[in-house]
Amino acid sequence: NYSKQIIAYLKNCKTPRNSTVFKGKTYEHTVKRELVFKLLPFCDTKALNFFNSYDSAYSHLLEGYMKEDQHSLNNFSKLAAYYNEKMKVVGQSFDKGVDIVGSLDDKTVVIVQCKNYAMKKITGKEIRECVGITSLYKTTNFQQQSLTIIASPSGITEDAIGDMNKFPLNIMYVQI
């Protein structure tokens with residue numbers, strides 16, 4: 006259960022609560038929760054194959070979730086639990102920039118970099134950094150496809166979007 010994981014982290018954390026390390030780590034756990042419950046279940050390839058399109062799968066899951074249809078809620082809960090197990094917060098010193106890593110399916114690794122910026126927007130520099138991180142990761146995991154996600158509570162600049170479109174990698178920005 007993800008709630009138990011985050012509570013255990015908060016209880017066992019020795020880092021001072023006002024430090025940037027604590028704030029960054031807490032942000033990483035928040036990003037994981039948002040990805041697990043609000044994004045990754047809707048990217049599930051088995052669900053996509055069953056419903057034949059992303060829009061149909063998304064609509065079906067969301068509609069059932071909003072109506073509190075028990076079957077849809079159970080399916081959604083199972084998908085969220087599955088992705089909770091698949092995604093790990095790994096951010097620490099010497100993590101080479103990878104804060105969360107996991108898998109979307111058997112063929113696709115998910116690499117997440119968290120930028121807990123209060124005011125600064127994500128720029129092309131951060132996107133190029135993510136490309137480097139993904140390239141480094143893929144040298145040891147070359148048989149897998151990748152989805153790189155950069156997460157930040159702030160916005161993103163036009164040059165960052167331009168850089169995302171320029172590189173031949175799957176890069177996604179999420180504002181959390």
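When we follow the numbering used here, the leftmost residue of the sequence shown carries the number 6, and every step to the right adds one. Think of the CB as a built atom: it goes at the ideal place given N, C-alpha and C, for glycine as much as any other residue. Bear in mind the structure is a predicted one, so any value in this text is a computation, not a measurement.
Please work out which residues of its chain come closer than 8 Å, Cβ to Cβ, to residue i, disregarding the five sequence neighbours upstream and downstream, and give them in chain order.
| i | result |
| --- | --- |
| residue 112 | 149, 150 |
Any idea if residue i is buried or exposed, counting beta-carbon neighbours within 10 angstroms, 16 or more meaning buried?
| i | result |
| --- | --- |
| residue 169 | buried |
| residue 84 | buried |
| residue 15 | exposed |
| residue 165 | buried |
Going along the chain, which residues of its own chain have a beta-carbon closer than 6 Å to the beta-carbon of residue i, five neighbours each way excluded?
| i | result |
| --- | --- |
| residue 39 | 181 |
| residue 26 | 20 |
| residue 11 | 34 |
Assign residue i to one of three DSSP states: helix, strand, or coil.
| i | result |
| --- | --- |
| residue 123 | coil |
| residue 108 | strand |
| residue 139 | helix |
| residue 37 | helix |
| residue 166 | helix |
| residue 95 | coil |
Measuring CB to CB, does residue i end up less than 8 Å from residue j?
| i | j | result |
| --- | --- | --- |
| residue 159 | residue 125 | yes |
| residue 162 | residue 127 | yes |
| residue 115 | residue 155 | no |
| residue 109 | residue 48 | yes |
| residue 37 | residue 92 | yes |
Among the residues of its own chain, which have a CB less than 7 Å from the CB of residue i, if the five just before and after it don't count?
| i | result |
| --- | --- |
| residue 133 | 168 |
| residue 33 | 94, 96, 104, 105, 119 |
| residue 102 | 118, 134, 138 |
| residue 174 | 136, 139, 151, 153 |
| residue 18 | 27 |
I need the straight-line Cα distance from residue i to residue j, nearest angstrom please.
| i | j | result |
| --- | --- | --- |
| residue 176 | residue 89 | 21 Å |
| residue 87 | residue 157 | 24 Å |
| residue 136 | residue 107 | 17 Å |
| residue 171 | residue 42 | 30 Å |
| residue 24 | residue 13 | 19 Å |
| residue 123 | residue 44 | 23 Å |
| residue 143 | residue 46 | 24 Å |
| residue 82 | residue 145 | 32 Å |
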